[in-house]
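*Asks:* Pasting in a structure now, in structure tokens, and then I'll have a few things to ask.
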Amino acid sequence: MRSELVKNAAISTLIGATLVFGVITLAPGWGEEGARREPGAAERALAAGAAGAPAALVDLTALIDDREQWVRAHPRDEESWAVLGSAYVERGSRLAEAAYYRKAESALRRSLELLPGEKGNVNAVVGLAALANARHDYARARTLGESAMKQQPQRWTAYPALIDAYSGLGDYKAMSKAMDKLTELHPGAQTLSRAAGVYRERGWREDAAAAAYDAVGSAQAPQEKAAARQRLGDLAWEWGEPAEALKEYDAALRLAPDHDPLLASRARALAALGRTDEAFRDYQAALDRVWRPEYALAAGELYQSRGLDGDAATQYEQLRTKVARAGADDVVDEVVLGLFEADHGDPEAAVRRLKAEWARGHLNVYTADALGWALYRAGRPEEALPYARRASEQGLRSALFTYHRGEIERALDQDGPARRHLAEALRINPYFSPLLAPAARQALEALGEPPPGGPKDVTGPEGEAPTEPETETATETEVGPETEVGPEVEVGPPATAPTLSPTPQQSRAGASATAPTPTSTGAVE
Numbered sequence: 034m035r036s037e038l039v040k041n042a043a044i045s046t047l048i049g050a051t052l053v054f055g056v057i058t059l060a061p062g063w064g065e066e067g068a069r070r071e072p073g074a075a076e077r078a079l080a081a082g083a084a085g086a087p088a089a090l091v092d093l094t095a096l097i098d099d100r101e102q103w104v105r106a107h108p109r110d111e112e113s114w115a116v117l118g119s120a121y122v123e124r125g126s127r128l129a130e131a132a133y134y135r136k137a138e139s140a141l142r143r144s145l146e147l148l149p150g151e152k153g154n155v156n157a158v159v160g161l162a163a164l165a166n167a168r169h170d171y172a173r174a175r176t177l178g179e180s181a182m183k184q185q186p187q188r189w190t191a192y193p194a195l196i197d198a199y200s201g202l203g204d205y206k207a208m209s210k211a212m213d214k215l216t217e218l219h220p221g222a223q224t225l226s227r228a229a230g231v232y233r234e235r236g237w238r239e240d241a242a243a244a245a246y247d248a249v250g251s252a253q254a255p256q257e258k259a260a261a262r263q264r265l266g267d268l269a270w271e272w273g274e275p276a277e278a279l280k281e282y283d284a285a286l287r288l289a290p291d292h293d294p295l296l297a298s299r300a301r302a303l304a305a306l307g308r309t310d311e312a313f314r315d316y317q318a319a320l321d322r323v324w325r326p327e328y329a330l331a332a333g334e335l336y337q338s339r340g341l342d343g344d345a346a347t348q349y350e351q352l353r354t355k356v357a358r359a360g361a362d363d364v365v366d367e368v369v370l371g372l373f374e375a376d377h378g379d380p381e382a383a384v385r386r387l388k389a390e391w392a393r394g395h396l397n398v399y400t401a402d403a404l405g406w407a408l409y410r411a412g413r414p415e416e417a418l419p420y421a422r423r424a425s426e427q428g429l430r431s432a433l434f435t436y437h438r439g440e441i442e443r444a445l446d447q448d449g450p451a452r453r454h455l456a457e458a459l460r461i462n463p464y465f466s467p468l469l470a471p472a473a474r475q476a477l478e479a480l481g482e483p484p485p486g487g488p489k490d491v492t493g494p495e496g497e498a499p500t501e502p503e504t505e506t507a508t509e510t511e512v513g514p515e516t517e518v519g520p521e522v523e524v525g526p527p528a529t530a531p532t533l534s535p536t537p538q539q540s541r542a543g544a545s546a547t548a549p550t551p552t553s554t555g556a557v558e
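Be aware that the sequence shown starts at 34, since it is given in the working numbering, and climbs by one per residue.
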């Protein structure tokens, strides 16, 4: 399953989107004559956002209702328009409802009409930056976030949006600097959870774990503690510890039962532990709450791995249908859909989709990995390898990325590197996919032992922690002529697979082609 994709969705909806609320510390209408004096749901949502913590969905809904009523009576209140627009962004992200993004843009622009950003309305500018991130327009989010930061550099609220924008653009050096500044300006549980994610992408396992544990210890509100628990669960999952991950997800769900990505995360862990029926139940529950393509792909590939091809086909067909019906305002995750197309549809179409994403400047490791895999599935492993190297050499220890690289190297008859990376993928997380983990084992078996007289450690010492991918720095030439390599890169995540038709390389490879070719999937970033 594309477990890393689902994980990213979870973190962005529970942590990332909620931080946009920090743009407002107090909204008009409270504390005045006739206003509610006891803190209710709307006040709780506002207070959570001001602290940078997630708001419960019911509280978020109450805040939206309250501010809609307020601006009808006070249409020139720019601050309340900014609160309302930011709340719309979060609701749209949490519930995958693109219609709220249109509402958010209208509200935020109304706020800026009343008080331009250059005259001090940084709240609305930060809200627009968060909206751009939600729409995957990372370049615009960067521009808006940097504008807000320059106006008020000591105000913490611009930095979460900048961190997300830099990550989406693959500018990991800038992302790390923004994270350092956020830590300085706004220490706390949410910042620690976000720092754990940044450290993970840098490959700093111990630092990521320490930050995540500290986040759990310092969290106050239930939603805030749930976000920290989820981060711990994601780290445990990626390190091949599904039982520990399940424990954290269960704890998080007790605190935030309305958060659908947690269900998908738990489904992934349950599947790894052999509790398949429970995994199917949780995937379906997640899809019933909020339909997301990464959930459908993960569920479909789990069905396929268990030989339930009809159920898998149902999930895939729903995914195709919903994507085909997507409107102009809907946000399409090109990485998820590119991997889906590569493994379950037309690999050349996947290449076109992902090259367009790369050309937009989204030079992050997720896009690099997906584009490399699509090129491989399209029968172009020579073009694929530089992207696979770029994805796997930025610090993030991803079983998926490493597996993809190993299969690409195997197609190029680079048996030594292929053997090393396939084995490393299984050492990082032997459960990383119900389809691809078995495929990795079959590929290793097909490669056999290294020839006598060669290096003794081409697969790494048995039982050792996975080693970092060999450092063959990707240059612009290696990455390909279409690549406009941006600032220094330092991070990455995604995926899963069913038994697919062989690629051209597999057909030529004879016996070694018997290993099923991976697909892409996700389960709860």
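Just so it is clear, CB atoms sit at the ideal spot from N, CA and C, and this is done for glycine as well.
According to the Cβ coordinates, are H377 and Y409 closer than 8 Å?
*Replies:* To locate residue 377, count along the sequence shown from 1; it is residue 344. To locate residue 409, count along the sequence shown from 1; it is residue 376. Not closer than 8 Å, so no.
*Asks:* Can A28 and P275 be called in contact, C-beta distance under 8 Å?
*Replies:* Examination of residue 28 is not possible in this model, given that the chain is present from 34 through 558 alone.
*Asks:* Comparing alpha-carbon positions, which option in G428, R460, A417 and F465 lies nearest R438?
*Replies:* Sequence index remark: in the sequence shown, residue 438 carries index 405 (1-based). With distances taken between Cα atoms, R438 lies closest to A417.
*Asks:* Helix, strand or coil, according to DSSP, for W324 in the structure here?
*Replies:* Translated into the one-based positions of the sequence shown, residue 324 becomes position 291. The answer is coil: DSSP assigns W324 none of H, G, I, E or B.
*Asks:* Would the region 248-259 count as touching the region 207-224 if we require 3 or more Cβ pairs under 8 Å?
*Replies:* In short, these stretches touch, since the Cβ pair count reaches three.
*Asks:* I'd like the ranges of any alpha helix (DSSP H) spanning at least 4 consecutive residues and lying wholly in the region 308-379.
*Replies:* Taking only runs of at least 4 residues, the alpha helix (DSSP H) segments lying wholly in the region 308-379 are 309-322, 326-338, 342-357 and 367-377.
*Asks:* How about E381: is its C-beta nearer than 8 Å to some C-beta of chain E?
*Replies:* Note that chain E does not occur in the displayed structure, where there is just one protein chain.
*Asks:* Closest by CA to R325, which one among A131, V91 and E101?
*Replies:* Counted from its first residue, the sequence shown places residue 325 at position 292. If we check each option's Cα against that of R325, A131 comes out closest.
*Asks:* Which first and last residues belong to the alpha helix (DSSP H) in which H219 is found?
*Replies:* Stepping through the sequence shown from its first residue, residue 219 is reached at position 186. H219 -> no alpha helix (DSSP H), and no H or E assigned at all.
*Asks:* For A160, is the classification buried or exposed, using 16 other Cβ atoms within 10 angstroms of its Cβ as the cut-off for buried?
*Replies:* Position 127 of the sequence shown, counting from 1, holds the residue named residue 160. Note that residue 160 is Gly in the sequence shown, not Ala. Buried.
*Asks:* If we ignore side chains and look at the alpha-carbon of each, how far apart do R430 and K210 end up?
*Replies:* As a working note, residue 430 is residue 397 in the sequence shown. As a working note, residue 210 is residue 177 in the sequence shown. Spanning the two alpha carbons is a distance of roughly 21 Å.
*Asks:* How about the region 107-114 and the region 138-149: do they share at least three Cβ pairs that are nearer than 8 Å?
*Replies:* Because the criterion of three Cβ pairs below 8 Å is met, the region 107-114 and the region 138-149 touch.
*Asks:* Could you check where the alpha helix (DSSP H) with K152 kicks off and where it finishes?
*Replies:* The residue labelled residue 152 in the question sits at position 119 within the sequence shown. Unbroken run through K152: none, as it is neither H nor E.
*Asks:* Have a look at G428 and R235 and give me their C-alpha separation to the nearest angstrom.
*Replies:* For the purposes of this step, residue 428 is taken as the residue at position 395 of the sequence shown. For the purposes of this step, residue 235 is taken as the residue at position 202 of the sequence shown. Their backbone Cα atoms lie some 5 Å apart in a straight line.
*Asks:* Could you tell me the distance, in whole angstroms, from the CA atom of Q317 to the CA atom of A332?
*Replies:* Here residue 317 refers to the residue found at position 284 of the sequence shown. Here residue 332 refers to the residue found at position 299 of the sequence shown. Those two C-alpha atoms are separated by around 8 Å.
*Asks:* When you compare only the Cα positions, how much space is there between A530 and P380?
*Replies:* Against the sequence shown, residue 530 aligns to sequence position 497. Against the sequence shown, residue 380 aligns to sequence position 347. The predicted model places A530 with a pLDDT of 34, which falls under 50 and marks its position as unreliable, so this point remains unresolved.
*Asks:* D344 to Y336, Cα distance in whole Å?
*Replies:* By one-based count along the sequence shown, residue 344 stands at place 311. By one-based count along the sequence shown, residue 336 stands at place 303. Those two C-alpha atoms are separated by around 6 Å.
*Asks:* Leaving aside the five residues before and after E367 along the sequence, list all residues of the same chain whose C-beta is less than 7 Å from its C-beta, in chain order.
*Replies:* For the purposes of this step, residue 367 is taken as the residue at position 334 of the sequence shown. So the qualifying residues of the chain are R386, L387 and E390.
*Asks:* Return helix, strand or coil for V524, following the three-state DSSP convention.
*Replies:* Counted from its first residue, the sequence shown places residue 524 at position 491. A caution first: V524 carries a pLDDT of 32, below 50, which makes its placement in the model unreliable, though a value can still be read off. In the structure shown, V524 sits in coil (DSSP, three-state: anything other than H, G, I, E or B).
*Asks:* I need the straight-line Cα distance from D402 to A229, nearest angstrom please.
*Replies:* As a position in the sequence shown, residue 402 is number 369, starting the count at 1. As a position in the sequence shown, residue 229 is number 196, starting the count at 1. Straight-line Cα distance between these residues: approximately 22 Å.
*Asks:* Where R175 and G360 are concerned, what is the direct C-alpha to C-alpha distance, given to the nearest angstrom?
*Replies:* As a working note, residue 175 is residue 142 in the sequence shown. As a working note, residue 360 is residue 327 in the sequence shown. Each residue's Cα considered, the two are about 25 Å apart.
*Asks:* First and last residue of the alpha helix (DSSP H) that includes W103?
*Replies:* Taking the sequence shown and counting its residues from 1, one reaches residue 103 at position 70. That run of the alpha helix (DSSP H) goes L90 to A106.
*Asks:* Please report the residue range of the alpha helix (DSSP H) in which G201 lies.
*Replies:* Counting from one through the sequence shown, the residue named residue 201 turns up at place 168. First-last of the alpha helix (DSSP H) with G201: A191 to L202.
*Asks:* Considering only C-alpha positions, which residue in the set R168, A241 and L459 is nearest to T138?
*Replies:* Locating residue 138 in the sequence shown gives position 105, where the first residue counts as 1. For clarity, residue 138 is Glu in the given sequence; the question names Thr instead. Cα-wise, what sits closest to E138 is R168.
*Asks:* For Y192, which residues of its own chain have a beta-carbon under 6 Å away from its beta-carbon, when the five flanking residues on both sides are left out?
*Replies:* Looking up residue 192 in the sequence shown gives position 159. For Y192, where only same-chain residues beyond five positions count, the Cβ hits under 6 Å are A211, K214 and L215.
*Asks:* How long is the line joining the alpha carbons of H292 and A269, rounded to whole angstroms?
*Replies:* In the sequence shown, the residue the question calls residue 292 occupies position 259. In the sequence shown, the residue the question calls residue 269 occupies position 236. If I take the Cα positions, the gap works out to 19 Å.
*Asks:* Just to confirm, is the Cβ distance from A442 to P450 under 8 Å?
*Replies:* Counted from its first residue, the sequence shown places residue 442 at position 409. Counted from its first residue, the sequence shown places residue 450 at position 417. A small correction: the amino acid at residue 442 is Glu; Ala does not occupy that position in the sequence shown. Yes; because the gap between Cβ atoms is below 8 Å, this pair is in contact.
*Asks:* Just tell me which of V365, A473 and P467 has its CA closest to the CA of R460.
*Replies:* Stepping through the sequence shown from its first residue, residue 460 is reached at position 427. Closest option to R460, Cα to Cα, is A473.
*Asks:* What first and last residue would you give for the alpha helix (DSSP H) that runs through E482?
*Replies:* The sequence position of residue 482 within the sequence shown is 449, counting from 1. Neither: E482 is in no alpha helix (DSSP H) and is coded neither H nor E.
*Asks:* Should V155 be labelled buried (16 or more other beta-carbon atoms within 10 Å of its own) or exposed?
*Replies:* Position 122 of the sequence shown, counted from the first residue, corresponds to residue 155. By the 10 Å Cβ count, V155 comes out buried.
*Asks:* Out of A304, A115, A88 and V91, which one is the CA nearest neighbour of R100?
*Replies:* On the sequence shown, position 67 is the one that residue 100 refers to. Measuring from the Cα of R100, the nearest candidate turns out to be A115.
*Asks:* With DSSP run on the structure shown, which of helix, strand or coil describes N166?
*Replies:* Within the sequence shown, the letter at position 133 stands for residue 166. N166: helix per DSSP, three-state reduction.
*Asks:* Drop a sphere of 10 angstroms on the beta-carbon of A424, count the other beta-carbons inside from all chains shown, and report buried for 16 or more, exposed for fewer.
*Replies:* Looking up residue 424 in the sequence shown gives position 391. When all chains shown are included, A424 counts as buried.
*Asks:* In the region 383-452, which residue ranges form an unbroken alpha helix (DSSP H) of at least 4 residues, counting only runs that do not cross its ends?
*Replies:* Complete alpha helix (DSSP H) runs here, min 4: 398-410, 414-425 and 432-444.
*Asks:* With Y121 as the anchor, note down where its alpha helix (DSSP H) starts and where it stops.
*Replies:* The residue given as residue 121 occupies position 88 in the sequence shown. Start and end: E111 to L128.
*Asks:* For W270, which three-state DSSP category applies?
*Replies:* Here residue 270 corresponds to residue number 237 of the sequence shown, with the count starting at 1. Of the three classes helix, strand and coil, the one that applies to W270 here is helix, per DSSP.
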